[in-house]
Amino acid sequence: MMLLVQGACCSNQWLAAVLLSLCCLLPSCLPAGQSVDFPWAAVDNMMVRKGDTAVLRCYLEDGASKGAWLNRSSIIFAGGDKWSVDPRVSISTLNKRDYSLQIQNVDVTDDGPYTCSVQTQHTPRTMQVHLTVQEIIADSKSPLFNIIGEYGRFQQSPYLFRDYPKIPESRSLSSFKS
Numbered sequence: 512m513m514l515l516v517q518g519a520c521c522s523n524q525w526l527a528a529v530l531l532s533l534c535c536l537l538p539s540c541l542p543a544g545q546s547v548d549f550p551w552a553a554v555d556n557m558m559v560r561k562g563d564t565a566v567l568r569c570y571l572e573d574g575a576s577k578g579a580w581l582n583r584s585s586i587i588f589a590g591g592d593k594w595s596v597d598p599r600v601s602i603s604t605l606n607k608r609d610y611s612l613q614i615q616n617v618d619v620t621d622d623g624p625y626t627c628s629v630q631t632q633h634t635p636r637t638m639q640v641h642l643t644v645q646e647i648i649a650d651s652k653s654p655l656f657n658i659i660g661e662y663g664r665f666q667q668s669p670y671l672f673r674d675y676p677k678i679p680e681s682r683s684l685s686s687f688k689s
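Here the sequence shown is numbered in the numbering used here, starting from 512 and rising by one per residue.
Here is the structure:
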């Protein structure tokens, strides 16, 4: 138990340094006229369907740099230490520089901002990814519709994506002819 507490203390010191570095990188904290150069886009948007696996990309600069992943204010990973109790999250390491966060079986509750912070020998760097999870829902009011054409027949139940316009309930085949 004592070793666990000592390990947490060391991790907390490192984490405090990472979080302090994050604060220093926020645009409102920078002195006027200064900016931070990122080796990748500072903000990225990612859209996935509910149930899919999301891989949020982040890269370390060299073997000496360390990374941390946060969701809102919750720590997910600090270095190689997993802080999240969620079994669906892991670090995807294709090579020594890869520090990508993998979320399996994404849910709408996973929607939101994620931050990757990389502590290098010189300067800390951060990248934000906004994850949008689309939920596919069946429209129970609309019946199955048929599309009959020259080459075959297709029958499909209409599905809707959350936050997207509704599929028209009926459309005449004559409206598709030219």
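Just so you know, even glycine gets a beta-carbon here, dropped at the ideal spot from N, CA and C.
- Pairing Leu605 with Leu567 gives a Cβ-Cβ distance that is not under 9 Å.
- DSSP links Thr631 through a beta bridge to no other residue.
- Excluding the 5 residues flanking it on each side, Asp622 has same chain C-beta neighbours closer than 7 Å at Leu642, Thr643, Val644, in chain order.
- The distance from the Cβ of Tyr625 to that of Gln639 is about 7 Å, consistent with a contact at the 8 Å cut-off.
- Exclusion of the five residues before and after Thr631 leaves Glu572, Ser576 as the residues of its chain whose Cβ lies within less than 6 Å of its Cβ.
- Cβ-Cβ distances below 8 Å link Gly591 to Ile602 in the same chain, with the five nearest sequence neighbours on each side left out; the list follows chain order.
- About 10 Å separates the beta carbon of Val596 from that of Ile587, a gap too long to meet the 8 Å contact definition.
- Listed in chain order, the non-local C-beta contacts of Leu581 below 6 Å within the same chain comprise Thr626, local neighbours out to five positions each way being set aside.
- Val559 has its alpha-carbon roughly 21 Å from the corresponding atom of Ser585.
- When the alpha-carbon of Val629 is set against those of Thr564, Asp555, Trp594, Arg608, the nearest one is in Arg608.
- DSSP places Val566 within a strand segment (E or B) once states are collapsed to three.
- Burial is judged here by how many other beta carbons sit within 10 angstroms of a residue's own beta carbon; Pro635 has at least 16 and is buried.
- Going by DSSP, Val600 is part of the beta strand (DSSP E) stretching over 600–603.
- Tyr570 and Thr637 have their alpha carbons spaced roughly 10 Å apart.
- The beta carbon of Asp555 sits closer than 6 Å to those of Val640, all from its chain and outside the five residues before and after it, given in chain order.
- For Val644, the secondary structure class from DSSP, reduced to helix, strand or coil, is strand.
- For Asn582, the enclosing beta strand (DSSP E) has its first and last residue at 577–582.
- Beta-bridge analysis with DSSP links Leu612 to Leu567, Ile602.
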